[in-house]
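Residue numbers (the working numbering): 48 to 202.
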């Protein structure tokens with residue numbers, strides 16, 4: 048497959064995921080169906096995990112970091128208002144969110160601020176084209192995700 052075709056497919060996927068992240072944001076209102084909110088939240092998180100996995104392949108290849116930019120922007124868009132994806136009526140059900148998400152809103156907001164700061168740093172590295180610096184920046188992003196998971200997500 049030609050590089051331009053692969054890049055185009057990657058951009059298409061990135062744009063589709065941005066649209067998904069934006070569309071699912073609208074469904075997270077306090078009065079919405081809790082099961083639907085949880086389902087959309089889980090689907091969104093799975094999609095964000097796929098973005099991280101795809102960037103791990105980019106980091107491992109130590110190649111062009113430009114395709115990672117759209118993936119990072121998808122993550123940034125999804126997590127920009129992530130706190131809103133946890134209304135009080137979604138504490139029970141098929142969720143892995145720990146009670147701390149709902150009882151420690153300041154800590155959860157801080158964890159998300161840390162993630163968004165790290166995503167901005169990762170995007171800057173990707174935009175610079177620094178293939179050698181991309182892997183450590185991605186690893187730091189993963190560690191930031193992990194810190195939130197440890198405090199706010201059950202296994």
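Quick reminder that beta carbons are idealized off the backbone N, C-alpha and C, glycines included.
| Query | Result |
| --- | --- |
| Residue 103 versus residue 200 - alpha carbon distance | 22 Å |
| Nearest-angstrom Cβ-Cβ length linking residue 220 and residue 112, presumed shorter than 8 Å | The question about residue 220 has no answer, for the chain in this structure spans 48 to 202. |
| DSSP state of residue 170 mapped onto helix, strand, coil | helix |
| Cutoff 8 Å: residue 174 Cβ touching any chain B Cβ | In the structure shown, chain B cannot be found, because there is only a single protein chain. |
| Own chain, CB closer than 7 Å to residue 191, minus 5 neighbours either side, in chain order | 161, 162, 165 |
| Backbone secondary structure at residue 202 - three-state DSSP | coil |
| First through last residue of the alpha helix (DSSP H) which encompasses residue 83 | 81 to 108 |
| Three-state class that DSSP yields for residue 144 in the structure shown | strand |
| Same chain, Cβ closer than 7 Å to residue 185, five either side skipped, listed in chain order | 102, 103, 106, 169 |
| As assigned by DSSP and simplified to three states, the class of residue 176 | coil |
| Integer Cβ distance of residue 146 from residue 84, believed to fall under 8 Å | With a Cβ gap of about 17 Å, residue 146 and residue 84 do not count as contacting. |
| Cα-Cα separation between residue 196 and residue 178, rounded to whole angstroms | 27 Å |
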